[in-house]
Structures are given as structure tokens and as C-alpha cells.
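Numbering (our numbering), first residue to last: 10 to 351.
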């Protein structure tokens, strides 16, 4: 992406994010990076690794704390970042990369201080709030905003596609039920001991379904905008099944951790014959960086697997459901359509 701009990344100390950040720093020296992490202290082992990667580029890297489990934190962060861009402390946005997510495949539903199930809020809702509040901070070409918003989908949103699926992903008719659980058949806040892996994965898959569905709703409004954001586009990417992702070892049952370490990683070349999207986090990180700022993907929008345009699930393509989710999301994050620079 020509010209100087700012790239915002959430979950910047993750398995995919760190090689992505390294690629951005090495390949796009004109860009400033705002990298958010839940714990910005070097005492956090993953943040320390991120700080080591970015140390030679301190003049254009800003590592900031952001807790996506608190919408008030998202609001404060976006207000601060927008003010820095308006003041000229940072260049206008070139891209927002919504990389962070949360899952829990071992226990009960966890509710955030905002009253939402944590997988739902961190993976989907907080990112929607982040993007909507920063739409007015993209740059100009010469009088129109340009930029790319990269949201993270997954093959988990496709019913029957992922081997961890026990219950198919779907959004309930009553979207307000998502305030406490994204497993429609499970009691809100109730005991998930019947199948914590299956229910936890369904919550994750439903959040990824929402990400994908909302991407279409967002693009529809950007395309019809009469304001400068008309040329901003949104992508929902399935980065592939990452065999070395740290997520396979966090909030996951022991059997999955064992499979990850002793089966999936060492046998990846063979397993790729069955799952063609299987690869390393570093490989995925480079692709996502290019989707976000690479000239090859100027004006790209829609659903991608790796770097190729693809078809998302039938439910995600339902315009009525997209509209319903869009309206409910605005309500949840405390915004009205009139508040947006569309």
C-alpha cells in the first residue's frame, strides 16, 4: 500500500501475529504499527518475544495494552488512537487486522464484565466495536479514505468442515441469547460437563460465523457510503489450520495438546493430503500481512481461504441474517447508524 500509514493489529503476541509483524516491519518500512496485547508488560513471555522482534524498529512501533473482554477498554483505546491520528502523532490508518480471539474447550461458559460470553465478545463483538469506532481514521487517496479491514474467520464456521465439531455452528433467532452463551442448546452459565470440548468449539465456531456474516454487512455499507470510507474494504480470512499454534495448548483438553505435539506437528506433511489448509503460523502470518497491505490485494473484499477468494457458509450469506446481526451489534456496542462516517 503506497504512502505512509498505520497498521493496527490485535492479539499481536500470538503465534500468527508475531511472524506477521516481522514481515510487515521488513517489507513495508513506510508503515507505522500499533500492536495491541492484553498484557503489555515484558514480564509476559509472549509480549517479551514481541518486544524483541520490534526492538530494532522502535521509531515506528507502538505496543499498547487492550483488553477486548471489556468494551469500555475498547472505547478508551479507540478514542485515544483516533485522537493521535487527528493530532498527527500517528499517520492515518492503512489497515486494521483483527487477529485476537479466545476459546475455552475445557470448562464452563465465562461471562465478561459486559455480560457477554467471553468467546463471543473477544472474538467477534469487541472487534466490531473497534472497527466501527475507527472507520473515520483511515487515510485519503486523494480525497477518499482507502484501507483494508482484515477479520479472522475459520473453517469452523462451515458446518461439518472441522474435525473438532460436535455441534454445528449456527446463530440463534434470538440474538440476545448470545449475551450469555453461544451454544443455543446449552443453558446459559450452566454446566458444560456433558461435552466441554464440543460446546466450547461450537461457541468458537459461532463467533467465527458472526465475524464472517458481519463482514458482508460491513462491506455493503462501505460500498454504498457517500463519505470517504467508500473505498475501505473488509476481508474475512480463513488462515488455515495452524499446526504449531499456541492456541492448541491453551484452554484445551490434554488429548488435544498431545495430538498437537506428537501427531499433528510432526506428521503435518502427510496430514496436508487430507486437509489442504494445514500449515504453520509463520506461513499464515505472511499471507495475512499481504492481504492487509499488499498491492496485489488492493480493493479485495469478501471471504478468503489463505490468499484465495472463496465461498463462505450458506448461513453467512443470508442477507436477512446479516442485517439482523448488524443492527443487534450496533445496539450491543452502543452505536447508531448515524454515528458512523458512512
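For every residue, glycine included, the Cβ atom is placed at its ideal position computed from N, Cα and C.
With DSSP as the reference, label residue 240 as helix, strand or coil.
Here residue 240 refers to the residue found at position 231 when the chain shown is read from its first residue. Per DSSP, reduced to three states, the secondary structure at residue 240 is strand.
Simplified DSSP assignment, three categories, for residue 301
Working through the chain shown from its first residue, we reach residue 301 at position 292. The answer is helix: DSSP assigns residue 301 an H, G or I state.
Would you mind working out which of 44, 142, 224 and 129 sits nearest residue 26, comparing C-alpha positions?
Sequence index remark: in the chain shown, residue 26 carries index 17 (1-based). Measuring from the Cα of residue 26, the nearest candidate turns out to be 44.
Quick one, which of 325, 306, 328 and 327 has its alpha-carbon nearest residue 318's?
Against the chain shown, residue 318 aligns to sequence position 309. Scanning 325, 306, 328 and 327 for the CA closest to the CA of residue 318 turns up 306.
Given a cut-off of 7 Å on the beta-carbon distance, is the pair residue 331 and residue 224 in contact?
Position 322 of the chain shown, counted from the first residue, corresponds to residue 331. Position 215 of the chain shown, counted from the first residue, corresponds to residue 224. The answer is no: Cβ separation not under 7 Å.
Where residue 180 falls, given that 16 or more other Cβ within 10 Å makes a residue buried
For the purposes of this step, residue 180 is taken as residue 171 along the chain shown, with counting starting at 1. The C-beta of residue 180 has 16 or more other C-beta atoms within 10 Å across all chains shown, which makes the residue buried.
Within 10 angstroms of its Cβ, does residue 235 collect 16 or more other Cβ (buried), or is it exposed?
In the chain shown, counting from the first residue as 1, residue 235 sits at position 226. Note on residue 235: under 16 other CB atoms within 10 angstroms of its CB, so exposed under the neighbour-count rule.
Closer than 8 Å is the cut-off here; do at least three beta carbon pairs connect the segment 149-162 with the segment 236-247?
With a cut-off of 8 Å, the segment 236-247 and the segment 149-162 count as touching, because enough Cβ pairs lie within range.
Residues near residue 125 in its chain [Cβ-Cβ closer than 8 Å; skip 5 each side]:
Position 116 of the chain shown, counted from the start, is the residue given in the question as residue 125. Closer than 8 Å at the Cβ level, and outside the excluded window around residue 125, lie 134, 187, 188, 189 and 341.
Residue 200 versus residue 48 - alpha carbon distance:
In the chain shown, counting from the first residue as 1, residue 200 sits at position 191. In the chain shown, counting from the first residue as 1, residue 48 sits at position 39. Low per-residue confidence applies at residue 200: pLDDT is 44, beneath 50, and the placement is therefore not dependable, though the value from the model is reported in the following sentence. Each residue's alpha carbon lies about 30 Å from the other.
Return the first residue and the last residue of the beta strand (DSSP E) that residue 14 is part of.
Taking the chain shown and counting its residues from 1, one reaches residue 14 at position 5. Residues 14-18.
Span of the beta strand (DSSP E) around residue 125
Within the chain shown, residue 125 is the residue found at index 116, counting from 1. Annotation for residue 125: no beta strand (DSSP E) segment contains it, and DSSP assigns it neither H nor E.
Taking the C-alpha atoms as reference points, what is the distance between residue 14 and residue 40?
Reading the chain shown from its first residue, position 5 is the one you call residue 14. Reading the chain shown from its first residue, position 31 is the one you call residue 40. A direct Cα-to-Cα measurement between residue 14 and residue 40 gives close to 5 Å.
If we count the other Cβ atoms within 10 Å of its Cβ and call it buried at 16 or more, is residue 108 buried or exposed?
Residue numbering aside, residue 108 sits at position 99 when the chain shown is read from its first letter. By the neighbour-count definition (other C-beta atoms within 10 Å, threshold 16), residue 108 is a buried residue.
Label residue 100 either buried or exposed according to how many other C-beta atoms from any shown protein chain fall within 10 Å of its C-beta, with 16 as the threshold for buried.
Your numbering for residue 100 matches position 91 in the chain shown. Looking at its Cβ environment, which holds 16 or more other Cβ atoms inside 10 Å, residue 100 is buried.
Assuming residue 216 is part of the alpha helix (DSSP H), what are its boundary residues?
What you label residue 216 is simply residue 207 of the chain shown in a count that begins at 1. Per DSSP, residue 216 belongs to the alpha helix (DSSP H) from 205-233.
Would you kindly work out how many angstroms separate the C-alpha atoms of residue 183 and residue 335, rounded to a whole number?
The residue given as residue 183 occupies position 174 in the chain shown. The residue given as residue 335 occupies position 326 in the chain shown. CA-to-CA, the gap between residue 183 and residue 335 works out to about 14 Å.
Would you say residue 139 and residue 220 are within 7 Å of each other, going by their C-beta atoms?
Reading the chain shown from its first residue, position 130 is the one you call residue 139. Reading the chain shown from its first residue, position 211 is the one you call residue 220. For the pair residue 139 and residue 220, the CB atoms are not nearer than the 7 Å cut-off.
Exposed or buried, which one is residue 136 when buried takes at least 16 other CB atoms within 10 Å?
On the chain shown, residue 136 is found 127 positions in, with the first residue counted as 1. With a 10 Å radius around the Cβ and a threshold of 16 neighbouring Cβ atoms, residue 136 comes out buried.
Looking at residue 102: is its Cβ nearer than 7 Å to the Cβ of residue 146?
In the chain shown, counting from the first residue as 1, residue 102 sits at position 93. In the chain shown, counting from the first residue as 1, residue 146 sits at position 137. Yes, these two residues count as a Cβ contact at 7 Å.
Within 10 angstroms of its Cβ, does residue 28 collect 16 or more other Cβ (buried), or is it exposed?
As a first step, residue 28 must be located in the chain shown, where it is residue number 19. Taking all protein chains shown into account, residue 28 has 16 or more neighbouring C-beta atoms within 10 Å of its C-beta and is therefore buried.
Can you find the residues in the same chain that come closer than 7 Å, C-beta to C-beta, to residue 337, ignoring five residues on each side of it along the sequence?
Your numbering for residue 337 matches position 328 in the chain shown. Hits under 7 Å: 184.
Cβ atoms of residue 329 and residue 32: under 7 Å apart, would you say?
In the chain shown, the residue the question calls residue 32 occupies position 23. In the chain shown, the residue the question calls residue 329 occupies position 320. Taking 7 Å as the Cβ cut-off, residue 32 and residue 329 do not qualify as a contacting pair.
Assigned exposure category for residue 16 - 16 Cβ within 10 Å defines buried
Walking along the chain shown from the start, residue 16 turns up at place 7. By the Cβ neighbour-count rule, residue 16 is buried, with 16 or more other Cβ atoms within 10 Å of its own.
Would you kindly work out how many angstroms separate the C-alpha atoms of residue 85 and residue 20, rounded to a whole number?
Stepping through the chain shown from its first residue, residue 85 is reached at position 76. Stepping through the chain shown from its first residue, residue 20 is reached at position 11. Looking at the backbone, the Cα of residue 85 and that of residue 20 are separated by about 17 Å.
Look at residue 165 and residue 214 and say whether their C-beta atoms are less than 7 Å apart.
Taking the chain shown and counting its residues from 1, the one referred to as residue 165 is at position 156. Taking the chain shown and counting its residues from 1, the one referred to as residue 214 is at position 205. With a cutoff of 7 Å on beta-carbon distance, residue 165 and residue 214 are scored as near each other.
Starting from residue 41, trace the beta strand (DSSP E) both ways and give me its first and last residue.
On the chain shown, position 32 is the one that residue 41 refers to. Counting along the chain, the beta strand (DSSP E) containing residue 41 begins and ends at 40-46.
Helix, strand or coil, according to DSSP, for residue 306 in the structure here?
Locating residue 306 in the chain shown gives position 297, where the first residue counts as 1. In the structure shown, residue 306 sits in a helix (DSSP, three-state: H, G or I).
Which listed residue (231, 322 and 323) has its alpha carbon closest to that of residue 141
Residue 141 sits at position 132 when you count from the first residue of the chain shown. Of the listed residues, the one whose Cα sits closest to residue 141 is 231.
Could you please give me the residues that DSSP links to residue 3 through a beta bridge?
Since the first and last residues shown for the chain are 10 and 351, residue 3 lies out of range.
Determine whether the beta carbon atoms of residue 61 and residue 22 lie at a separation below 7 Å.
Taking the first residue of the chain shown as position 1, residue 61 is located at position 52. Taking the first residue of the chain shown as position 1, residue 22 is located at position 13. No, the pair does not count as a contact, with Cβ atoms beyond the cut-off.
Cβ shell of residue 160 (< 6 Å), same chain only, five flanking positions each side left out:
Here residue 160 corresponds to residue number 151 of the chain shown, with the count starting at 1. Sequence-distant partners of residue 160 (beyond 5 residues in either direction) whose C-beta falls short of 6 Å from its own C-beta, in its chain, are 107, 220, 224 and 245.
Report yes if the CB atom of residue 249 is closer than 7 Å to the CB atom of residue 286, and no otherwise.
As a working note, residue 249 is residue 240 in the chain shown. As a working note, residue 286 is residue 277 in the chain shown. Cβ distance < 7 Å, so residue 249 and residue 286 count as in contact.
With residue 73 as the anchor, note down where its beta strand (DSSP E) starts and where it stops.
Here the question's residue 73 lines up with position 64 in the chain shown. Start and end: 70-74.
Using C-beta distances below 6 Å, list every residue in its chain close to residue 143, excluding the 5 sequence neighbours before and after it, in chain order.
Within the chain shown, numbered from 1, the residue matching residue 143 stands at position 134. Short of 6 Å from the beta carbon of residue 143, and not among the five residues preceding or following it, lie these beta carbons of its own chain, in chain order: 87.
Leaving out the 5 sequence neighbours to the left and right, which residues in its chain are closer than 6 Å to residue 233 when beta-carbon positions are compared?
On the chain shown, residue 233 is found 224 positions in, with the first residue counted as 1. Exclusion of the five residues before and after residue 233 leaves no residue of its chain whose Cβ lies closer than 6 Å to its Cβ.
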